[in-house]
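For reference, the structure discussed in these notes is given below.
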Amino acid sequence: MNKLIENEDIIWNIVNNLSIESLFNFIKVNKLTHQVLIEQNSDKIVDYFANRLNQILIIYDPNYQDDLLIDYDPITIFNFNKTGNPIVKCSLILNQLSPFLDKLKNLKIEDETKFELDDFFNDNPISLQDKSKILINLQKFIEIDNADFQNFQIMNNKIQKLIKLFIKSLFDELKICFTNQEYSIVNLIVEALNILNQEELIVEFFKQENKFPLDFFPETIIDINGGLIEDSLINVLNDLDEFINNKSKIIDECFDTQLPVMLLYIEPIIEKNLIQQFLTKECDKNVENVPQIYYYLFEIFIPNLIESKNVGEIYFKLIGNFINLYFEPILINFLNQDPTNFEIESIAKLKDFNNLIKEQDELDKDVIYKNLLGEYYNNDQVKTNKFELLTNFTKIFNSKKDSTSNEINLKLNFEILNKNLQNLKSFINFEICYSIIENCRIRIKRYQMFFYKIIELSNVDQIITREKINQQIETLFIKMLIVIGQYHMKLGFEKAIEMLKKYDPTEFKSLENLETINTVEPLIKFTELINIADLIQQMVEIFYNNELIVNKLIDKDEFLNTSNQTKRTFESTLDNFVANGLNIGIDKLMDEIEFLFNTLQLPNDFNPNLKNKNSNMVQFNLGPTKCSEKIVQLLSNHINLLNGSTEKGIIDIFQQEIGERFFQIIVKNIKKRQISTDGAIILISDLNLYYDFIVNTLKQKNITPFFVGLKEIGQIYLISTDDSKELGKLIMDLSKFNGIFKQEEIYEFVQKRTDWLKIKKDVERAMYGLGLTDCCII
Numbered sequence: 042m043n044k045l046i047e048n049e050d051i052i053w054n055i056v057n058n059l060s061i062e063s064l065f066n067f068i069k070v071n072k073l074t075h076q077v078l079i080e081q082n083s084d085k086i087v088d089y090f091a092n093r094l095n096q097i098l099i100i101y102d103p104n105y106q107d108d109l110l111i112d113y114d115p116i117t118i119f120n121f122n123k124t125g126n127p128i129v130k131c132s133l134i135l136n137q138l139s140p141f142l143d144k145l146k147n148l149k150i151e152d153e154t155k156f157e158l159d160d161f162f163n164d165n166p167i168s169l170q171d172k173s174k175i176l177i178n179l180q181k182f183i184e185i186d187n188a189d190f191q192n193f194q195i196m197n198n199k200i201q202k203l204i205k206l207f208i209k210s211l212f213d214e215l216k217i218c219f220t221n222q223e224y225s226i227v228n229l230i231v232e233a234l235n236i237l238n239q240e241e242l243i244v245e246f247f248k249q250e251n252k253f254p255l256d257f258f259p260e261t262i263i264d265i266n267g268g269l270i271e272d273s274l275i276n277v278l279n280d281l282d283e284f285i286n287n288k289s290k291i292i293d294e295c296f297d298t299q300l301p302v303m304l305l306y307i308e309p310i311i312e313k314n315l316i317q318q319f320l321t322k323e324c325d326k327n328v329e330n331v332p333q334i335y336y337y338l339f340e341i342f343i344p345n346l347i348e349s350k351n352v353g354e355i356y357f358k359l360i361g362n363f364i365n366l367y368f369e370p371i372l373i374n375f376l377n378q379d380p381t382n383f384e385i386e387s388i389a390k391l392k393d394f395n396n397l398i399k400e401q402d403e404l405d406k407d408v409i410y411k412n413l414l415g416e417y418y419n420n421d422q423v424k425t426n427k428f429e430l431l432t433n434f435t436k437i438f439n440s441k442k443d444s445t446s447n448e449i450n451l452k453l454n455f456e457i458l459n460k461n462l463q464n465l466k467s468f469i470n471f472e473i474c475y476s477i478i479e480n481c482r483i484r485i486k487r488y489q490m491f492f493y494k495i496i497e498l499s500n501v502d503q504i505i506t507r508e509k510i511n512q513q514i515e516t517l518f519i520k521m522l523i524v525i526g527q528y529h530m531k532l533g534f535e536k537a538i539e540m541l542k543k544y545d546p547t548e549f550k551s552l553e554n555l556e557t558i559n560t561v562e563p564l565i566k567f568t569e570l571i572n573i574a575d576l577i578q579q580m581v582e583i584f585y586n587n588e589l590i591v592n593k594l595i596d597k598d599e600f601l602n603t604s605n606q607t608k609r610t611f612e613s614t615l616d617n618f619v620a621n622g623l624n625i626g627i628d629k630l631m632d633e634i635e636f637l638f639n640t641l642q643l644p645n646d647f648n649p650n651l652k653n654k655n656s657n658m659v660q661f662n663l664g665p666t667k668c669s670e671k672i673v674q675l676l677s678n679h680i681n682l683l684n685g686s687t688e689k690g691i692i693d694i695f696q697q698e699i700g701e702r703f704f705q706i707i708v709k710n711i712k713k714r715q716i717s718t719d720g721a722i723i724l725i726s727d728l729n730l731y732y733d734f735i736v737n738t739l740k741q742k743n744i745t746p747f748f749v750g751l752k753e754i755g756q757i758y759l760i761s762t763d764d765s766k767e768l769g770k771l772i773m774d775l776s777k778f779n780g781i782f783k784q785e786e787i788y789e790f791v792q793k794r795t796d797w798l799k800i801k802k803d804v805e806r807a808m809y810g811l812g813l814t815d816c817c818i819i
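In terms of our numbering, the sequence shown has 655 at position 614, counting the first letter as 1, and numbering is strictly consecutive.
Structural data, given as structure tokens:
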């Protein structure tokens, strides 16, 4: 026997298969076993017991001094986490738990319903918490006492069954006490269950006993128009506060700070009941309500919650984090959809407007067709159907003479043109642009009102930053500019400019009295359109300053900023349309002036016949001609069209262009006339009238020299035939003509004198030193 014990391999094989109790008994068998295990292999046996304790996280430290004065019992036997003598500690644990281990060995649980737990504890008056600790300590010991695997399995099965029965009895008692609202007793039971690591079951029990009502929320908080019913939302949140606050009080009494029951209870209510099942459905009805709903969660719901002892100081912050966590998909969806929805709504509004304009155009044309049919066709056969109207027109053209058909066609085009001109300023609609800008402003205010306040109010982890909201506002501004610019103003200007291009001031003059021509209607209407566009641009500028610059969302001097770039593109596009349209408008104005020159300027205006058939002198008016007066009146009615509707620089350019082009037409008109010395007085009167208009009405100093030069041109027609040599010298003196005309141009003017053939030789000799007739070669 002794030889076997002295064999280390054999003895350690025995040790590794013994329970802790059996091992201590084996050490005590005789002196030899004690000597071999304790004295000769002290380090090895110490490591053996240290490894056992390490399984339950008790550390062996050879330098650690155990407190030998502590009076351990079955409840406190594991109240340490470090030892310097694992053999002694294991022996102490075994001694303290032996009475219960012996009972466990002999325990037979044949019928769980008849088993009395108090028998196991000898009816000792110990608390539920202490009973839980004893059972847990037994479980720990059995966990490290697993060398004898067969014994371990038996003991482990018994302790697990015993703990299970004890837990069941605790929950049965917990239910009774909870039902009776004996929350102080519930607190003790919870503590016992908590010792037994039943946290999840405790929370689940509380949830089952305090289920969230299925009919808690109303059917809806959205009205029939998709708007949020604020009072309904506030009532819902107040009711939810009352419900949660009531449960919070119960949790504080029952659980104190033992378990985070409040958070585990309220999180699924916020996630599933409040947000997923209720608010998500309500937000889907109208995504524009999302900011307000989100705001009220922080403004009303969280502030009305009472403090939770169970959670502590971070309670409100954690509730806010829950809301952010589970509301985030709704917010992200809103932030993604809102600019797009704004764009879609605005474009749809513009399409409706364009369709309305088209329908009105068709109705206007139908009325015109019908009225003309009434004049030229049997009234009984006049139809309202447009197809039939056009058919009737075809019949008319086939049946009437060519002159009548041409007259009908001319009147038809004239009436349609007039109607189009009347509608030209409606191509850009101020009201609809205002509504789009206002819609954008409301959305931005909604961001500022709700999201900014949440950022300022809450101390939660923000899922939406101020930078994100600012970026969202910029996106809305950019889309607003694109919608108004590309989908409305661009189309309106293109349509208006196309109409300007097609307008021919000479086409319908047979239907008008020349004496009544005071304006070029397309230009008048186009400037009205410019005025509307300028008002819209001013609104955009005010919006830009108030919403983006004042609130410091962007720096207006930041050249590469997308908002600034889009705004510059918007403005330059409008400027280009205005410039293009005005240029065409000036063309039409000049065409009108040329038409007046060609029709009202009589051939004898500047070459009057002063003698009648009887060789008597005829009196004639010395003032400006009717033509010049009409032209000045026409110009006066147009030069100030842009005043108050655009920048002064554009007005100056507009007026200067009119002045320069007018100058060119006057020159062209003079070169077409035959001018006598008597008619020169009338020409000078006209030129003085033009000069007076330029100086006193147009007031553009840059072009005044042109008209000073024109006045000097008038003087060359006053010189008599006898002074032809002096006329030649005058032509050579370019300073007389204000440096406006070259010598060749002045020569052309002189050729328009009625006595040119008489004075030609003297003029050329004065200019060139000889006349063409003096040339020997010729």
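Heads up, the beta-carbon is just placed ideally off N, CA and C, and yes, glycines get one too.
If we count the other Cβ atoms within 10 Å of its Cβ and call it buried at 16 or more, is residue i buried or exposed?
{"i": "residue 220", "result": "exposed"}
{"i": "residue 807", "result": "buried"}
{"i": "residue 356", "result": "buried"}
{"i": "residue 600", "result": "exposed"}
{"i": "residue 622", "result": "buried"}
{"i": "residue 490", "result": "exposed"}
{"i": "residue 377", "result": "exposed"}
{"i": "residue 41", "result": "The question about residue 41 has no answer, for the chain in this structure spans 42 to 819."}
{"i": "residue 828", "result": "Nothing about residue 828 can be read from this structure; the chain reaches only from 42 to 819."}
In whole angstroms, give me the CA-to-CA distance for residue i and residue j.
{"i": "residue 70", "j": "residue 56", "result": "13 angstroms"}
{"i": "residue 182", "j": "residue 158", "result": "20 angstroms"}
{"i": "residue 709", "j": "residue 635", "result": "9 angstroms"}
{"i": "residue 79", "j": "residue 98", "result": "24 angstroms"}
{"i": "residue 751", "j": "residue 700", "result": "13 angstroms"}
{"i": "residue 125", "j": "residue 91", "result": "9 angstroms"}
{"i": "residue 307", "j": "residue 518", "result": "40 angstroms"}
{"i": "residue 190", "j": "residue 58", "result": "8 angstroms"}
{"i": "residue 567", "j": "residue 514", "result": "34 angstroms"}
{"i": "residue 734", "j": "residue 482", "result": "47 angstroms"}
{"i": "residue 742", "j": "residue 570", "result": "28 angstroms"}
{"i": "residue 121", "j": "residue 127", "result": "12 angstroms"}
{"i": "residue 573", "j": "residue 582", "result": "14 angstroms"}
{"i": "residue 350", "j": "residue 223", "result": "19 angstroms"}
{"i": "residue 364", "j": "residue 310", "result": "11 angstroms"}
{"i": "residue 327", "j": "residue 493", "result": "21 angstroms"}
{"i": "residue 641", "j": "residue 677", "result": "18 angstroms"}
{"i": "residue 372", "j": "residue 100", "result": "51 angstroms"}
For the candidate residues the options, whose alpha-carbon lies nearest to that of residue i?
{"i": "residue 728", "options": "232, 711 and 743", "result": "711"}
{"i": "residue 188", "options": "314, 85, 106 and 89", "result": "89"}
{"i": "residue 526", "options": "484, 564, 490 and 473", "result": "473"}
{"i": "residue 691", "options": "615, 87, 588 and 768", "result": "615"}
{"i": "residue 484", "options": "386, 360 and 363", "result": "386"}
{"i": "residue 52", "options": "61, 77 and 205", "result": "77"}
{"i": "residue 800", "options": "325, 717 and 617", "result": "717"}
{"i": "residue 109", "options": "86, 115, 133 and 116", "result": "133"}
{"i": "residue 194", "options": "379, 145, 684 and 675", "result": "145"}
{"i": "residue 721", "options": "105, 664 and 668", "result": "664"}
{"i": "residue 606", "options": "296, 585, 192 and 619", "result": "585"}
{"i": "residue 343", "options": "281, 67, 512 and 111", "result": "281"}
{"i": "residue 236", "options": "176, 246 and 206", "result": "176"}
{"i": "residue 160", "options": "563, 697 and 141", "result": "141"}
Round the Cβ separation of residue i and residue j to the nearest angstrom and send it over; I've been treating them as touching at under 8 angstroms.
{"i": "residue 648", "j": "residue 795", "result": "6 angstroms"}
{"i": "residue 180", "j": "residue 208", "result": "Not a contact, Cβ separation roughly 12 angstroms."}
{"i": "residue 477", "j": "residue 390", "result": "7 angstroms"}
{"i": "residue 604", "j": "residue 590", "result": "With a Cβ gap of about 10 angstroms, residue 604 and residue 590 do not count as contacting."}
{"i": "residue 465", "j": "residue 537", "result": "5 angstroms"}
Counting contacts by CB-CB distance shorter than 8 angstroms, is residue i in contact with chain B?
{"i": "residue 99", "result": "The question asks about chain B, but that chain is absent: this structure has only one protein chain."}
Is there at least one non-hydrogen atom of the ligand NAP closer than 7 angstroms to the beta-carbon of residue i?
{"i": "residue 671", "result": "As presented, the structure is devoid of all ligands, the ligand NAP included, so that no description of it is given."}
*asked:* Using 8 angstroms as the cut-off, can you tell me whether the segment 234 to 248 makes contact with the segment 296 to 313, which would need three or more C-beta pairs spanning the two stretches below that distance?
replied: yes
*At least 3 beta-carbon pairs within less than 8 angstroms: the segment 740 to 750 vs the segment 772 to 783*: yes
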